[in-house]
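Here is the structure we will look at, set down as structure tokens.
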Amino acid sequence: MKKFSTIILIILFSSLANAKECVRLYYDHGPEGYWIGRTYALFAQNLLGHFPELQQIIAPIETYQKGDIATCRATIYIGSYFNNPIPPDFMVDFENTKQNVAWLGYNIWKLPIDRIFGFKYNQLTKLNTTTLDYELKPTFYKWINYKGERFYKYGGWSKTNPTEFMAGFEIAALEPINSVVPFEKIGTEILSTATHNGTNDMLPYVLRNKNHFYFADVPFSFMHEADRYLIFSDLLFDILNLPPRHKNKKALLRIEDVHPLVPLNLLYLFTNILAENKVPIHISIIPFFFDPFKLYDRKDNEEFVGASHVPEFVAWINEVKRLNGRFIWHGVTHQYGRTKNPHDGISGADFEFWDAVNNSAVAKDSVPWVLNRLYDGFNELTKIGVQPKIWLTPHYQASTLDYYLFGRVFPWNIGRSIYYNFEYKNKPMDNNPAYWFTDLNTDTHKKRIAELSQIQIKPTASKWNGQAFPYEIYGDIHGQRLLPENLGNSQPFENAHVLIPRTVIEIVADAKRNLVIRDAWASFFYHPFLFNDYNSGGRGSYFGDPAELVYLVTEIKKLGYEFIDAEDFAEKYKDLIRPEPIYTNLKKEGNL
């Protein structure tokens, strides 16, 4: 064991010597079977991917060694396990360090916060089941106030157990110490507050005293488009003491689920509206249409149709090119074989790289299966003169193996992702251009399969969580460089796939909230079928009514966002990626 530890330390310090600067991230390993601490660390790592100038060093708090805080420009501890034992050396170093340090959530009662912040810990807040809101839901410290905007925590009844209320209702209730020296005198600022939605009582949510930060909960539970998670995303710039990367706020709109049989009148309407409003056109294209159960309005001979076999569709593609439009590769068929996965088997409706019925990887999931499928899709796109440089995972969900492949065969991805705790062996280097789909050379493809087939990945927890990003990520935990999608889309109705309807009013409101975030984007998508009238499942007052989309684009511009060309952005930053994270976890859990 001593020899193994020595090897780990040699690797660690060798890597640090080659890194410009580093950030340490600690999480609660907890008892056997506890998994959420590592998952929260994954989310934090992903956000840190916006700062590729920093080397990430990840470890359980239980393995902390005296003096480690001093070796990096910043250290973050995520306290997710109640009363988890914390090494005394960590608490001494946390209090006395001159480096920036942040503590999230539980176990703050172990720290002398009276000396650090001038506050004392009282208790964890509870769910109020007596004072209900206007929807007759229990109340809690729901509203989180920051820079003049109000964010909020999710709170709703469980879909599987209607008597269970789902919410991250706990925060650490802190109050100033009873002292002749008020907390302001020692330099403490209240950066954010939490307001109870039943009583209007207010508590500090984020404290800062010079280089010390405290967040009253872990902001990664029940994340959504207006969540307090976005406050943490912004304050990362202060914790890391790094400036914003961009001067302007960026907006990105994509036309979603475009396959060869989407009605052409809707597609022409879409591109005309965007061209008239000077919004760069981005098409999420599906090269093959497949409808194995004949549930789509199609001809008998159109069960499986490639884009190159529909001349009218190719003509529209050429019109998009004339308008300098860009194409985002959105799956190969955007469904999985002759099965309902889980809806109707139609391209654009079902999952392609995930078994949504059994909530697991698809039966065929493997490096050759994924890469050969992608090769077939790339071949079809090449026939119509389309060679996308950005990938979009269908329904944002795939296996961990698939995400690793997407992060290596495409220079950029777009959207959200699902994350499992996992471990791997023989991981190839991050995002090597030699793996990218740039041509149809069969020898290159065989080499791609051979080299990437060496990787072995397996989940170490059965549960997963999703994450969206307010800004671009130069390498998530899977190695994907991600352009964000953080505002969702217009969803008129709740259905089997849409659990929460969403309006353009909500999209614009969330875009306004995001203005407080440094480097924020307003990124969203829109479906062609929404040009139908309301009775036909759309948003229009008549067929072809563009009013909602025009409103959405106009309001986003009014907020000061600039609609950009995603491909130009991706090309500009194609060589920027965060260093491979260093894991000092000798328990071999997570990513060793």
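Quick note: the sequence shown uses the numbering used here, first residue 1439, plus one each step.
All C-beta atoms in this analysis are idealised placements derived from N, C-alpha and C, irrespective of residue type, glycine included.
Taking a contact to mean a Cβ-Cβ separation below 8 Å, would you say residue i touches residue j in this structure?
| i | j | result |
| --- | --- | --- |
| leucine 1612 | proline 1657 | no |
| tyrosine 1652 | tryptophan 1541 | yes |
| threonine 1637 | tryptophan 1581 | no |
| leucine 1705 | proline 1939 | no |
| isoleucine 1711 | leucine 1987 | yes |
| glycine 1783 | phenylalanine 1731 | yes |
| proline 1849 | lysine 2012 | yes |
| arginine 1476 | asparagine 1903 | no |
| serine 1722 | valine 1696 | yes |
| glutamine 1918 | phenylalanine 1844 | yes |
| glycine 1769 | proline 1698 | no |
| serine 1785 | phenylalanine 1875 | no |
| glycine 1487 | glutamate 1663 | no |
| aspartate 1466 | isoleucine 1499 | yes |
| leucine 1968 | serine 1928 | yes |
| leucine 1463 | isoleucine 1514 | yes |
| leucine 1890 | valine 1946 | no |
| glutamate 1923 | glycine 1853 | yes |
| leucine 1702 | proline 1984 | no |
| leucine 1930 | glycine 1975 | Reading off the sequence, residue 1930 comes out as proline, not leucine. Cβ atoms of proline 1930 and glycine 1975: closer than 8 Å. |
| glycine 1517 | asparagine 1545 | yes |
| lysine 1896 | tryptophan 1473 | no |
| asparagine 1538 | alanine 1512 | yes |
| glutamine 1767 | leucine 1809 | A small correction: the amino acid at residue 1767 is tryptophan; glutamine does not occupy that position in the sequence shown. No, the Cβ-Cβ distance between tryptophan 1767 and leucine 1809 is not below 8 Å. |
| glutamate 1790 | proline 1749 | no |
For residue i, count neighbouring Cβ atoms within 10 angstroms of its own Cβ and tell me buried if that reaches 16, exposed if not.
| i | result |
| --- | --- |
| threonine 1709 | buried |
| glutamine 1894 | exposed |
| phenylalanine 1726 | buried |
| phenylalanine 1520 | exposed |
| glycine 2028 | Note on glycine 2028: pLDDT 41, under 50, position unreliable in the model; the coordinate value appears next. The residue is buried, with at least 16 neighbouring Cβ atoms inside 10 Å. |
| asparagine 1864 | exposed |
| tryptophan 2062 | Outside the shown range of the chain (1439 to 2030) lies residue 2062, about which nothing can therefore be said. |
| isoleucine 1524 | buried |
| alanine 1455 | Because alanine 1455 sits at a pLDDT of 39, beneath the cut-off of 50, its placement in the model cannot be relied upon, and the point is left open. |
| proline 1718 | buried |
| glutamate 1943 | Here residue 1943 turns out to be isoleucine, not glutamate, going by the sequence shown. Per the 10 Å Cβ criterion, exposed. |
| leucine 1733 | exposed |
| glycine 1468 | buried |
| isoleucine 2020 | buried |
| glycine 1823 | exposed |
| threonine 1838 | buried |
| valine 1530 | exposed |
| tyrosine 1502 | buried |
| asparagine 1599 | exposed |
If residue i and residue j are in contact, beta carbons under 8 Å, what's the gap, nearest whole angstrom?
| i | j | result |
| --- | --- | --- |
| valine 1847 | arginine 1811 | Actually they do not touch by this definition, with Cβ atoms about 11 Å apart. |
| asparagine 1635 | threonine 1577 | 5 Å |
| alanine 1949 | isoleucine 1994 | 6 Å |
| aspartate 1655 | glycine 1606 | 6 Å |
| threonine 1898 | alanine 1497 | In fact, because the Cβ distance is near 16 Å, the residues do not count as touching under 8 Å. |
| histidine 1650 | isoleucine 1693 | Contact doesn't hold; Cβ gap of about 46 Å is too wide. |
| isoleucine 1615 | aspartate 1672 | With a Cβ gap of about 28 Å, isoleucine 1615 and aspartate 1672 do not count as contacting. |
| isoleucine 1915 | leucine 1480 | 5 Å |
| tyrosine 1841 | serine 1855 | 6 Å |
| phenylalanine 1963 | leucine 1691 | 7 Å |
| isoleucine 1609 | tyrosine 1579 | 5 Å |
| glutamine 1892 | proline 1866 | 7 Å |
| arginine 1646 | glutamate 1627 | 5 Å |
| aspartate 1868 | glycine 1815 | Rounded, the Cβ-Cβ distance is 23 Å, inconsistent with contact. |
Establish whether the CB of residue i and some CB of chain C are separated by less than 8 Å.
| i | result |
| --- | --- |
| threonine 1535 | Within the model displayed, chain C is absent; a lone protein chain is all it includes. |
Hey, would you say the C-beta of residue i is under 7 Å away from at least one heavy atom of the ligand PLP?
| i | result |
| --- | --- |
| alanine 1479 | Judged by which ligands are present, the structure shown has none, so any question about the ligand PLP falls away. |
Across the segment 1489-1509 and the segment 2005-2022, are there enough close Cβ pairs to call them in contact, namely three or more that are closer than 8 Å? yes
Exercise for review: Kindly confirm or deny that the segment 1773-1787 and the segment 1756-1765 touch, where touching means at least three C-beta pairs closer than 8 Å.
Suggested key: no
Say whether the segment 1818-1830 touches the segment 2001-2012, bearing in mind that this needs 3 or more beta-carbon pairs closer than 8 Å, one atom from each stretch. yes
**Asked** Does the pairing of the segment 1528-1544 with the segment 1585-1603 give three or more beta-carbon distances under 8 Å?
**Response** no
Going along the chain, which unbroken runs of the alpha helix (DSSP H) with 4 or more residues stay wholly within the segment 1864-1949? 1880-1890
- Item | Given 8 Å, three or more beta-carbon pairs between the segment 1734-1744 and the segment 1679-1695 | no
Is it a yes or a no for the segment 1591-1609 touching the segment 1668-1685, going by three-plus beta-carbon pairs under 8 Å?
-> no
Per the contact definition of three or more C-beta pairs closer than 8 Å, is the segment 1783-1795 in contact with the segment 1744-1756?
no
inquiry  = To test your reading of the DSSP string, which unbroken beta strand (DSSP E) runs of 3 or more residues are found completely within the segment 1712-1736?
reply    = 1720-1723, 1726-1728
- [ ] Let me know the alpha helix (DSSP H) ranges lying completely inside the segment 1962-2012, each 4 residues or longer, listed in chain order.
- [x] 1985-1996, 2004-2010
>> At 3 residues or longer, what runs of the beta strand (DSSP E) sit wholly inside the segment 1484-1551?
In response: 1492-1498, 1512-1517, 1538-1543
Could you name each continuous alpha helix (DSSP H) segment of 4 residues or more that falls completely within the segment 1667-1698, going from the start of the chain to the end?
1667-1678
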